[in-house]
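A.B. asks: I'd like to ask you about the structure that follows.
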Amino acid sequence: MNEATRVRLPIRLWAAVAALLLIAPTLMVVPLSFTSKRSFSLQLEGWSLQWYEKFFTDPQWLGALGTSLVIGVIVGVSATLLGTLAAYGLKSLRARVSGPLQVMMMLPILIPGIVAAIAIFGMYLRWNLSGSSLGLILAHITLALPFVLIPVSTAMRGLDDTLTRAASVLGARPMARFLQVELPILLPGIATGFIFAFVTSLDEVVVAYFLQSPTLRTLPVQMYSSVTRETDPSIAAASTLLLVLSTLIILIPRLVQVVNERRAAKQGDVE
Amino acid sequence: MISGAELRLSELVKRYGGASAVDRINLDVASGEFLTLLGPSGSGKTTTLSMIAGFTEPSAGRVVCDGQEITSVPPHKRGLGMVFQNYSLFPHLTVRENVEFPLRQRGVAKAKRSEQALQALELVELRERANAKPGQLSGGQQQRVALARALVFEPRLLLMDEPFGALDRALRERLQIELRRLHKELGITVVFVTHDQEEALTLSDRIAVFNEGRIEQVGTPAELYERPETLFVARFIGESNSLQGQVTEERFQSEGGVSIPAPGAVDGPSVAIIRPERLRVLNTRVEAEECALHGRVRDVTFLGAQLRIEIDTPDGIMIVRTGTENPAPQSGDAVQLSWLPGAAAIFPHRKDARETSSSWTETLAPSTSSSQS
């Protein structure tokens, strides 16, 4: 055993313990969702898929899932577009101007969700936006913007100016430069931004709770209302589904990367 | 064989705020010529190259290529090849796709551009790495790919911005030889930027020496070395010894007391420059000649074919390069230095110009040689 592995082993163990502590409470909902009893008890007596059946047949649950997905996609796409443009804009500004601007766009992360929710709710009442999907989408875009700005700005820092210059002197027009050089290099950052924006909207509960109406109820809001009114394990089924969905989405870029690397390695072997 | 482009820069100026980065440059580059812009950092050579490429808009003056004015033409319409110091390969494309890039911009059909790219890669002996990503190559290989990419569309003018600056010495020398071969084979015009005078001497047909936004002198490497026109050029090109002093009535009197005939020199504070290989070391018993300086050997370095001797004199440390056939003096020996009257070049000491006394210490012999001190 060499020096490196001797040091690495305790670190790995430590990482595993930390990961378990972080994940374990969340994973508790998975067995709960398969219980045959009509209560939130961990004393499992039998297995059943009834709560999943209820989830997928109850129009309230299903409607909430649909609303969440639609709003999540719209927020993801809009926030990604705006965040990428913002990152471009910030890059071309002088540091004295771009610094404060960047901090301003980061504020949604720093401000407590409940404070933001009350402020937004107050403004929306005046603007007649409360209870409308447009209102919720706009609010979620604001909250998701920092999560796009961070990875795209980081990717942009890796985009060397001389690459653009090289493309230009080698004959690429401005549009070709953007499509063939800048966009592919920024793409991983942009994709990360989209995923975080989508998941932010999917998970957000406080603002969505304030802005809800009988026709506008996202999945987290539906879960929250359900847990305050009844202790029905359908919420565990909903949680499990949300958990699986979020995890899959976050893992997609990593999977794509692994597949690409495998393919590249294979090509390298053939040569 | 391509016929290289002719390039003419006339009265080219670039001002940033009030300061001139480039101040009225005039330069003609002949078809097929290898011309180097040489100077310390901040001397305006890179700004000049950037104006040729079209990245920087000149404040005044014209850039003319083959009789066509291109001063305000955007870079992508100039049709130039260019190689950058940091390689600038597109990291998301394979080596072959990188080389195909300029062809793709020119609408070359897929099969044809693949074939041409492979040919260009063959030119730089990297055809077998065509499907690798740039990140999998060494620095030297990456720069060869960048060269293939700059040459694949057969441009008539190639710009190179310190292309070997980031490479180690051995690799740099190999790539310099390769570049010379390619330049001869292709007949392309090359404008090369470097701050390394040795590299400039090795590669160039002619060198334009830049200092503070102006060209001090343009000439072949031999002309610049043998007949520098200014003190700056004398110090920047090659290794040199300088004696501070005063010219009165066509005679240079150094601070250490040596007197050198200086026909045609203007009276006033002056500097005499003598190349290390023009100095001879004599023992003190020999009759003192007219141009001679007494001193004591400080250090002797064996460089293979040459000895490099440092001598303490009243005029400061003098460096001598001499063949190894004569018995070498030892450290601490008292000696005299002598030279032929024509070996010293006398320049008026310019107070306005930035002193570049460090320019020759940079070029001292490699420190890896064994020292006998």
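Heads up: the protein sequence lines correspond to chains Z and A, in order.
Under the working numbering, the residues of the first sequence are numbered 327 to 597, in order.
Under the working numbering, the residues of the second sequence are numbered 9 to 381, in order.
Glycine included, each C-beta is placed from N, C-alpha and C at the ideal position.
1. Determine the direct distance from the alpha carbon of residue 546 of chain Z to that of residue 529 of chain Z, and round the result to whole angstroms.
2. Tell me whether the beta-carbon of residue 342 of chain A lies closer than 8 Å to the beta-carbon of residue 309 of chain A.
3. Considering residue 354 of chain Z, what are the terminal residues of the alpha helix (DSSP H) in which it resides?
4. Between residue 113 of chain A and chain Z, is any beta-carbon pair separated by less than 8 Å?
5. Between the region 504-516 of chain Z and chain A, which residues of the former have CB atoms less than 9 Å from a CB of the latter, in chain order?
6. Taking 8 Å as the cut-off, does the region 97-106 of chain A touch the region 135-149 of chain A (at least 3 CB pairs, one atom from each stretch)?
7. Going along chain Z, which residues have a C-beta under 8 Å from residue 334 of chain A?
8. If you count every other CB in all the chains shown that lies within 10 Å of the CB of residue 284 of chain A, and 16 or more means buried, which is it?
9. Comparing the C-beta of residue 109 of chain A with each C-beta of chain Z, is any distance below 8 Å?
10. Can you name, in chain order, every residue of its own chain whose Cβ lies under 6 Å from the Cβ of residue 85 of chain A, other than the five neighbours on each side?
11. Taking C-beta pairs closer than 8 Å, name the residues in chain Z that residue 96 of chain A reaches, listed in chain order.
12. Have a look at residue 83 of chain A and residue 403 of chain Z and give me their C-alpha separation to the nearest angstrom.
13. Tell me whether residue 13 of chain A sits in a helix, a strand or coil according to DSSP, three-state version.
14. Taking any Cβ of chain Z, which residues in the region 55-76 of chain A have a Cβ under 8 Å from it, in chain order?
15. According to the Cβ coordinates, are residue 600 of chain Z and residue 532 of chain Z closer than 8 Å?
16. Just checking, does the region 19-35 of chain A make contact with the region 202-213 of chain A on the three C-beta pairs under 8 Å criterion?
17. Compare the C-beta of residue 495 of chain Z with all C-beta atoms of chain A and state if any pair is closer than 8 Å.
18. Which residue wins for smallest C-alpha separation from residue 382 of chain A, given the options A:174, A:114, A:132?
19. Can you find at least 3 beta carbon pairs, one from the region 480-496 of chain Z and one from the region 442-459 of chain Z, that sit closer than 8 Å?
20. On the DSSP letters alone, give me the boundaries of the alpha helix (DSSP H) that residue 429 of chain Z sits inside.
21. Let me know if residue 540 of chain Z comes out buried or exposed under the rule of 16 or more other beta-carbons within 10 Å of its beta-carbon.
22. Per the DSSP calculation, residue 24 of chain A is bridged to which residue(s)?
23. Compute the Euclidean distance between the alpha carbons of residue 412 of chain Z and residue 424 of chain Z, then round it to the nearest angstrom.
24. Under the criterion of a Cβ to heavy atom distance below 7 Å, does residue 91 of chain A qualify as lining the ligand MG?
25. Smallest Cα separation from residue 286 of chain A: which of A:346, A:323, A:268?
26. Report the residue from Z:522, Z:544, Z:511, Z:494 whose alpha carbon sits nearest the alpha carbon of residue 62 of chain A.
27. Is residue 15 of chain A close to chain Z? Criterion is C-beta to C-beta, closer than 8 Å.
28. Could you say if the region 222-240 of chain A and the region 313-328 of chain A meet the contact criterion of at least three C-beta pairs nearer than 8 Å?
29. Just curious, the alpha helix (DSSP H) that residue 521 of chain Z is in, first and last residue?
30. Please classify residue 185 of chain A: is it buried, with 16 or more other beta-carbons within 10 angstroms of its beta-carbon, or exposed?
31. Can you have a look at residue 586 of chain Z and say buried or exposed, based on whether 16 or more other CB atoms are within 10 angstroms of its CB?
32. Taking Cβ to Cβ, would you say residue 443 of chain Z is nearer than 8 Å to residue 522 of chain Z?
33. Tell me the DSSP secondary structure of residue 215 of chain A in three-state form.
34. Suppose you measure from the CA of residue 468 of chain Z to the CA of residue 405 of chain Z; what does that come to, to the nearest Å?
35. Let me know the secondary structure DSSP gives residue 319 of chain A once reduced to three states.
C.D. replies: Considering the structure as presented:
1. Start at 1 with the first residue of the first sequence, and residue 529 of chain Z comes out as number 203. Start at 1 with the first residue of the first sequence, and residue 546 of chain Z comes out as number 220. Between residue 529 of chain Z and residue 546 of chain Z, the C-alpha separation is close to 6 Å.
2. The residue labelled residue 342 of chain A in the question sits at position 334 within the second sequence. The residue labelled residue 309 of chain A in the question sits at position 301 within the second sequence. The Cβ-Cβ distance between residue 342 of chain A and residue 309 of chain A does not fall below 8 Å.
3. Along the first sequence, read from residue 1 onward, the residue named residue 354 of chain Z stands at position 28. Premise fails: residue 354 of chain Z is in no alpha helix (DSSP H) and is neither H nor E.
4. As a first step, residue 113 of chain A must be located in the second sequence, where it is residue number 105. Closer than 8 Å: yes.
5. 506, 507, 510, 511, 513
6. yes
7. Numbered from its first residue, the second sequence carries residue 334 of chain A at position 326. Residues of chain Z passing the Cβ test: none, with the nearest at roughly 51 Å.
8. In the second sequence, the residue the question calls residue 284 of chain A occupies position 276. Residue 284 of chain A comes out buried.
9. One-based indexing of the second sequence puts residue 109 of chain A at position 101. Chain Z, which has a Cβ nearer than 8 Å to the Cβ of residue 109 of chain A, makes this yes.
10. On the second sequence, position 77 is the one that residue 85 of chain A refers to. For residue 85 of chain A, where only same-chain residues beyond five positions count, there are no Cβ hits under 6 Å.
11. Counting from 1 along the second sequence, the entry for residue 96 of chain A is found at position 88. The answer, in chain order, is 486, 488, 489, 491, 492.
12. Numbered from 1 along the second sequence, position 75 holds the residue referred to as residue 83 of chain A. Numbered from 1 along the first sequence, position 77 holds the residue referred to as residue 403 of chain Z. Rounded to whole angstroms, residue 83 of chain A to residue 403 of chain Z spans 34 Å at the Cα level.
13. For the purposes of this step, residue 13 of chain A is taken as residue 5 along the second sequence, with counting starting at 1. Here residue 13 of chain A sits in coil by DSSP.
14. 61, 62, 63
15. There is simply no residue 600 of chain Z to check, as chain Z begins at 327 and stops at 597 in what is shown.
16. no
17. Position 169 of the first sequence, counted from the first residue, corresponds to residue 495 of chain Z. Yes, contact with chain A.
18. Beyond the ends of chain A as shown, which are 9 and 381, falls residue 382 of chain A; an answer cannot be given.
19. Output reads no: the region 442-459 of chain Z does not touch the region 480-496 of chain Z.
20. The count along the first sequence starts at 1 and reaches residue 429 of chain Z at position 103. Note, residue 429 of chain Z: alpha helix (DSSP H), 421-436.
21. The residue given as residue 540 of chain Z occupies position 214 in the first sequence. Residue 540 of chain Z comes out exposed.
22. Translated into the one-based positions of the second sequence, residue 24 of chain A becomes position 16. Answer is A:27.
23. Locating residue 412 of chain Z in the first sequence gives position 86, counting from the first residue. Locating residue 424 of chain Z in the first sequence gives position 98, counting from the first residue. Pairing residue 412 of chain Z with residue 424 of chain Z, the inter-Cα distance amounts to about 10 Å.
24. For the ligand MG, the structure offers nothing, since it holds no ligand at all.
25. As a first step, residue 286 of chain A must be located in the second sequence, where it is residue number 278. If we check each option's Cα against that of residue 286 of chain A, A:346 comes out closest.
26. Taking the first residue of the second sequence as position 1, residue 62 of chain A is located at position 54. Taking only the C-alpha atoms, the option nearest residue 62 of chain A is Z:494.
27. Counted from its first residue, the second sequence places residue 15 of chain A at position 7. Judged by the 8 Å Cβ criterion, residue 15 of chain A is not in contact with chain Z.
28. no
29. Translated into the one-based positions of the first sequence, residue 521 of chain Z becomes position 195. In the DSSP annotation of this structure, the continuous segment of the alpha helix (DSSP H) that includes residue 521 of chain Z starts and ends at 509-529.
30. Reading the second sequence from its first residue, position 177 is the one you call residue 185 of chain A. Around the C-beta of residue 185 of chain A, fewer than 16 other C-beta atoms lie within 10 Å, and the residue is accordingly described as exposed.
31. As a working note, residue 586 of chain Z is residue 260 in the first sequence. Label assigned to residue 586 of chain Z: exposed.
32. As a first step, residue 443 of chain Z must be located in the first sequence, where it is residue number 117. As a first step, residue 522 of chain Z must be located in the first sequence, where it is residue number 196. When the beta-carbon positions are compared, residue 443 of chain Z and residue 522 of chain Z stay at least 8 Å from each other.
33. In the second sequence, the residue the question calls residue 215 of chain A occupies position 207. Three-state result, residue 215 of chain A: strand.
34. What you label residue 468 of chain Z is simply residue 142 of the first sequence in a count that begins at 1. What you label residue 405 of chain Z is simply residue 79 of the first sequence in a count that begins at 1. Rounded to the nearest angstrom, the two C-alpha atoms are 8 Å apart.
35. Translated into positions along the second sequence, residue 319 of chain A becomes position 311. Looking at residue 319 of chain A - three-state DSSP - the assignment turns out to be strand.
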